[in-house]
Amino acid sequence: MLKLTALWFYYSSSQGFNLTIEQLIQRFQDRFEGEEYRRIALPNWNNTYLRTWLRQNTDTPKSTRGLDQEYQSDSALRNKIITACNNVAACSLVVLQPATEITSLINNIHGAIENSEMIAMADKIEPIDQIDKSSVYYTDRKYYPQRFPRMQPNSMIRSKPKSKCCF
């Protein structure tokens, strides 16, 4: 059964012609498996990012069928997953050290996104004050130097001088 573009192609350029089944198959192969189709499918594949892929909910196996065999391998899919996740903040650590196997990589990405969502939810429920601690310490040292005693001249006067002993 034909669907979507294949159905449109059949009605627009094959219906009404007296074609044998072999000729019809050849037309479909030329259209959907030819070099021109691969050339069109490659930029679409290269422009796939995680955000757009999730938004459009495309099917990866269907989108890779139109590519050359070298782009249908597991290593090419792994590389594409890594490049697709480059612009997602939740996946930044996964992309830094990607797993070698696709299943591990997908599990790591899934875990990173879940962890990011849990952190965001926890921040909404109970936010942590973001205080710039370096400026607090600087202010304390500047205006309250007694709170942070360092080697002050008065402390050296109160201490007993050490006597030297020779044995």
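Letter by letter, the sequence shown follows residues 12 to 178 of my numbering.
Using N, Cα and C, we set each Cβ at its ideal position, and we do this for glycine too.
This structure is a prediction, so every number in the text was calculated from the model and none was measured.
Within the same chain, show all residues whose beta-carbon is closer than 7 Å to that of Q34, passing over the 5 residues directly before and after it, in chain order.
none
Three-state class that DSSP yields for Q108 in the structure shown:
coil
Can you tell me where the alpha helix (DSSP H) with L88 in it begins and where it stops?
D85 to A95
Closest Cα partner of N119 within the set D134, A101 and I130
A101
Burial state of I113, where buried means 16 or more other Cβ atoms lie within 10 Å
exposed
What's the gap between the Cα of E81 and the Cα of N29?
37 Å
Alpha carbon to alpha carbon, how far is I36 from A87?
29 Å
Answer with buried or exposed for I32, where buried requires no fewer than 16 other C-beta atoms within 10 angstroms of its C-beta.
exposed
A133 classed as buried or exposed, judged by whether at least 16 other C-beta atoms fall within 10 angstroms:
exposed
Please confirm whether A123 and L107 have their CB atoms less than 8 Å apart.
no
With a threshold of 7 Å on Cβ separation, who are the neighbours of N97 within its own chain once the five nearest residues in sequence on each side are excluded?
V106
Specify the secondary structure class of N98 as computed by DSSP and reduced to three states.
coil
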